[in-house]
Each structure stands twice: as structure tokens, then as C-alpha cells.
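Scroll down for the structure; my scribbles are underneath it.
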Amino acid sequence: MKRFFYILPLAGFLLIGVYLAIGLGLDPQKLPNMLEGKPVPAFNLQALEGRDDRGFSNTDLLGEVSLVNIFGSWCVACRVEHPFLMKIKENGWVPIHGIDWRETDRKAGPAWLKRHGDPYTLAGDDPRSVAAISFGVTGAPETFVVDQKGIIRYKHVGPITEEVWQDTLRPLIEHLREQG
Amino acid sequence: MLRILLSALVFIMLASPALAVQPDEILDDPALEARAREVGKDLRCLVCQNQSIDDSDADLARDLRVLVRDRIVAGDSNQEVIDYVVSRYGDFVLLDPPFKLKTYALWFGPGVIILFGIFAVFMFFRRKRDDAKEDAKPEALSDAEKARLARLIDEDH
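Those protein sequence lines, which keep their order, are chains R and P. No gaps in the numbering here: position 7 of the first sequence is 1391 in the working numbering, and each next residue is one more. No gaps in the numbering here: position 117 of the second sequence is 626 in the working numbering, and each next residue is one more.
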């Protein structure tokens, strides 16, 4: 019995140690995707200036697998992933729709697309985060994979790289297409 | 000097915490605005994670404040507004973690640690008391001492 009490502090220390070690491995910035498996939230965004589409709403996402990409002209990481989005568009791998998030100037987003290239099939302007909040967006870029029925299947936080595409997005998109 | 210090103290105590809520966001109806503040102080700013949306200057926090107000004006109850934000961002957006299976350790942990501490202190003092008792009890005499004692008593007679 007495020996048990001597071991107790050591056991407690180990328990706390393991607990904190697990805590170190967690990323507090990484939040759960609350919308996975749920329909795309209802939104209806105005068109970006200079684009000939009528804007972008949730009903546009029915019928085929697509990506919804949250971007902004102010967003540095969006500039990083932009060439790869262009590559997806040029190869016709999957349609990408854009939500231009929190532009202080309505012209800034369109000007950015004009300068670097426009990878989006449809795009909408979201200066007040109305759509972004309903998607649970915390930062740009974020990209959602939406299936044919308009159900959100996956959220990728951060830039899309070749690696992310090959390892995660492409297999998922192919899988969703097969399921039809 | 004392007077200056005292008046400084009074002013410090009068100061209210600086809120990031901007004048153009504030609702005209003070009752609704009060409810918006009530909701806002419980919601975490997702960008600067240890501030509430009312305390944060971040753009996303501002948009969340506006959303909270829009929903309150549209007739949502405080709980409905909070439920909506949680449905988008998860429990993490609440500054007070909810009471459920996943958070029992969080809520009960400190109590368990205090109980353990009380137990440890109790054991410590009990052992000390027992030791003290043992010290107070005189040791039994050895055979040599007994013989010597008997001799001394005999001498007196």
C-alpha cells in the first residue's frame, strides 16, 4: 500500500506528460468541417465586375462535381495556389467556382483576375462574408469539394498544391464521379 | 500626491474595456444591441482565437458581429443565433466550452485535482501525527535497565 503512494506522483506526471504531448500535436487553427456531408448553404452572390456570368448561387452547384474556392485579391496564399488553379482549368479537370471574399474595393477582385488569369467557371462577390460565414470559412484560401447533388464532401484549408491535388482532391473527385 | 494617486485610481476603475464594436454597427434599439453584446461576448473570434468577436478588430469578427445583429433584428433568439454560428464553425467558436462527454475532463479535471490535493494533505498530517505519537511513547526498559532500577529501589529501603 505504501509503495503505491510513492508511485502515484510519477504516474500523475506521466499521465499529464502524455496528455500534453498529444496537445502539442494538435493544431488549434485547424477547425472541424461542420458542413461535411451536408448540402451547400444557400447563398446568392452578385457577379464580379467584367465577367459575363449572372453571379453565383448554391443552385449552380447541382449536376456535377465541382470545387468552390474562397479567394481575395488581398490574400497572399491565394496568389500561391493561383497557377495551379489555372492548370486545373486549362486541363479541364474539374470546374472551379470562386467566391471573392472581403474585397474593400469592388474592382480589386476583377482586376486581380485580369492580371493573373481567371480560373473560375462561375464567381460571386462576397464583400460582407455572408456566404463565407455560412460556409464556416476562417481564412483564405479555402476550397470545398461539392458533389453532383450539391453535398459538401471535403474542405481543404490553405493553398492547393500539386501534392494536395494528387493525394487528396483528385482521388476524391474521381471517387465521387464513379458513384455518380 | 495621495490625492493624485486616488483620483487616478478612480479613473482607472471607471474605464470600461475597449470594445471593437464600431459605431456604425451598433443597433438603434438599445435592447437589441444589449442582446447582440450578450451573444457577441460568448463567440470566439476565429482569427485571433483568445478574443471574443466584440473584442476583436479582425475583419471576420466584424462580419460576425454584423451577422449576429442581422439575425437578432430578423427575430432570432440569442440561442438561435449561437446555434447558427456553432453549426458553421463547431463548438470551438464558443468561449465557454459546452458541457458534454468530450469536455468532462475539462470541467471535472480541476475538481479531481483539488480532491487529490486535499487527500494528499490529509495523509501528510495524519502520518505526522502518528509519528509524533510514536515519539511520545517511552521505550520499554531493557533488561540491564530493569536490573539497575530494581537495585536503586532496593537501596532506598
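Quick reminder that beta carbons are idealized off the backbone N, C-alpha and C, glycines included.
**OP:** Just tell me which of R:ILE1454, R:VAL1402, R:ALA1405, R:ASP1411 has its CA closest to the CA of R:VAL1521.
**Re:** Counting from 1 along the first sequence, the entry for residue 1521 of chain R is found at position 137. Of the listed residues, the one whose Cα sits closest to R:VAL1521 is R:ILE1454.
Subject >> Spatially closest choice to P:VAL556 from P:PRO532, P:TYR598, P:ASP538, P:ARG578, by CA coordinates >> reply: Indexing the second sequence from 1 puts residue 556 of chain P at position 47. Among P:PRO532, P:TYR598, P:ASP538, P:ARG578, the Cα nearest to that of P:VAL556 belongs to P:TYR598.
**OP:** Could you check the C-alpha separation between P:ASP605 and P:ASP551 for me, to the nearest Å?
**Re:** Residue mapping note: residue 605 of chain P aligns to position 96 of the second sequence, counting from 1. Residue mapping note: residue 551 of chain P aligns to position 42 of the second sequence, counting from 1. About 7 Å.
Original post:
For R:LEU1560, which residues of its own chain have a beta-carbon under 8 Å away from its beta-carbon, when the five flanking residues on both sides are left out?
Top reply: Position 176 of the first sequence holds residue 1560 of chain R. VAL1449, VAL1529, ASP1531, GLN1532, ARG1537, listed in sequence order.
**OP:** Ignore the nearest five residues each way along the sequence and tell me which others in P:ARG578's own chain have a CB closer than 7 Å to its CB.
**Re:** Position 69 of the second sequence holds residue 578 of chain P. Cβ neighbours of P:ARG578 beyond the five flanking positions: GLU534, LEU536, ALA545.
**OP:** Please determine, among R:LEU1392, R:ILE1391, R:GLY1534, R:VAL1460, the residue with the shortest C-alpha to C-alpha distance to R:GLU1526.
**Re:** Position 142 of the first sequence, counting from 1, holds the residue named residue 1526 of chain R. The shortest C-alpha separation from R:GLU1526 is found at R:VAL1460.
Subject >> Collapsed DSSP secondary structure at P:LYS550 in the structure displayed >> reply: For the purposes of this step, residue 550 of chain P is taken as the residue at position 41 of the second sequence. DSSP places P:LYS550 in coil when its eight states are reduced to three.
**OP:** Check whether the Cβ atoms of R:GLY1434 and R:LYS1498 lie closer than 9 Å to each other.
**Re:** Translated into the one-based positions of the first sequence, residue 1434 of chain R becomes position 50. Translated into the one-based positions of the first sequence, residue 1498 of chain R becomes position 114. Against a cut-off of 9 Å, the Cβ pair of R:LYS1498 and R:GLY1434 comes out as a contact.
Original post:
Between the segment 1405-1414 of chain R and the segment 584-596 of chain P, do three or more beta carbon pairs fall short of 8 Å?
Top reply: no
**OP:** Give a yes or no on whether the minimum CB-CB distance between R:VAL1529 and chain P is below 9 Å.
**Re:** In the first sequence, counting from the first residue as 1, residue 1529 of chain R sits at position 145. No, no contact with chain P.
Subject >> Selection from R:TYR1390, R:ASN1475, R:ASP1484 that minimises the alpha carbon distance to R:CYS1462 >> reply: For the purposes of this step, residue 1462 of chain R is identified with residue 78 of the first sequence, where counting begins at 1. When only C-alpha atoms are compared, the closest one is R:ASP1484.
**OP:** Give the residues of chain A in contact with P:ARG597, contact being defined as C-beta atoms less than 9 Å apart.
**Re:** Protein chains in the displayed structure are R and P, and chain A is not among them.
Subject >> Test: R:PRO1494 CB closer than 9 Å to a CB of chain P >> reply: In the first sequence, residue 1494 of chain R corresponds to position 110, counting from 1. Not one chain P Cβ lies under 9 Å of R:PRO1494.
Original post:
Can the beta-carbon of R:ARG1486 be found closer than 9 Å to that of R:GLY1456?
Top reply: Your numbering for residue 1486 of chain R matches position 102 in the first sequence. Your numbering for residue 1456 of chain R matches position 72 in the first sequence. Going by C-beta atoms, R:ARG1486 is nearer than 9 Å to R:GLY1456.
Original post:
Would the beta-carbon of R:PHE1427 fall within 9 Å of that of R:PRO1543?
Top reply: Position 43 of the first sequence, counting from 1, holds the residue named residue 1427 of chain R. Position 159 of the first sequence, counting from 1, holds the residue named residue 1543 of chain R. Contact flag unset, no.
Original post:
Three-state secondary structure (DSSP) at R:ILE1483?
Top reply: Counting from one through the first sequence, the residue named residue 1483 of chain R turns up at place 99. Of the three classes helix, strand and coil, the one that applies to R:ILE1483 here is strand, per DSSP.
Subject >> Cα-Cα separation, R:LEU1392 to P:VAL630 >> reply: Taking the first residue of the first sequence as position 1, residue 1392 of chain R is located at position 8. Taking the first residue of the second sequence as position 1, residue 630 of chain P is located at position 121. Each residue's alpha carbon lies about 14 Å from the other.
**OP:** Give the straight-line distance between the Cα atoms of P:PHE617 and P:LEU514, rounded to the nearest whole angstrom.
**Re:** In the second sequence, residue 617 of chain P corresponds to position 108, counting from 1. In the second sequence, residue 514 of chain P corresponds to position 5, counting from 1. Straight-line Cα distance between these residues: approximately 43 Å.
Original post:
What does a CB cutoff of less than 8 Å around P:VAL595 pick up in its chain, not counting 5 residues either side in sequence?
Top reply: For this step, residue 595 of chain P is matched to residue 86 along the second sequence. So the list reads VAL602, LEU603, once near-sequence residues are dropped.
**OP:** Give the C-beta separation of R:ALA1515 and R:LEU1432 to the nearest angstrom, bearing in mind that I take them to be a contact with Cβ-Cβ under 8 Å.
**Re:** By 1-based counting over the first sequence, the position of residue 1515 of chain R is 131. By 1-based counting over the first sequence, the position of residue 1432 of chain R is 48. Not a contact, Cβ separation roughly 13 Å.
Original post:
Alpha carbon to alpha carbon, what distance is there between R:LEU1398 and P:ARG553?
Top reply: Residue numbering aside, residue 553 of chain P sits at position 44 when the second sequence is read from its first letter. Residue numbering aside, residue 1398 of chain R sits at position 14 when the first sequence is read from its first letter. Their backbone Cα atoms lie some 32 Å apart in a straight line.
Original post:
In angstroms, rounded to a whole number, what distance separates the CA positions of P:ALA540 and P:VAL548?
Top reply: Translated into positions along the second sequence, residue 540 of chain P becomes position 31. Translated into positions along the second sequence, residue 548 of chain P becomes position 39. The alpha-carbon atoms of P:ALA540 and P:VAL548 are separated by roughly 13 Å.
Original post:
Under a three-way DSSP split, which group does R:LEU1446 fall into?
Top reply: Residue mapping note: residue 1446 of chain R aligns to position 62 of the first sequence, counting from 1. Three-state result, R:LEU1446: coil.
Original post:
Any Cβ of chain P within less than 9 Å of the Cβ of R:ARG1561?
Top reply: As a working note, residue 1561 of chain R is residue 177 in the first sequence. For R:ARG1561, the answer is no, since every Cβ of chain P falls outside 9 Å of its Cβ.
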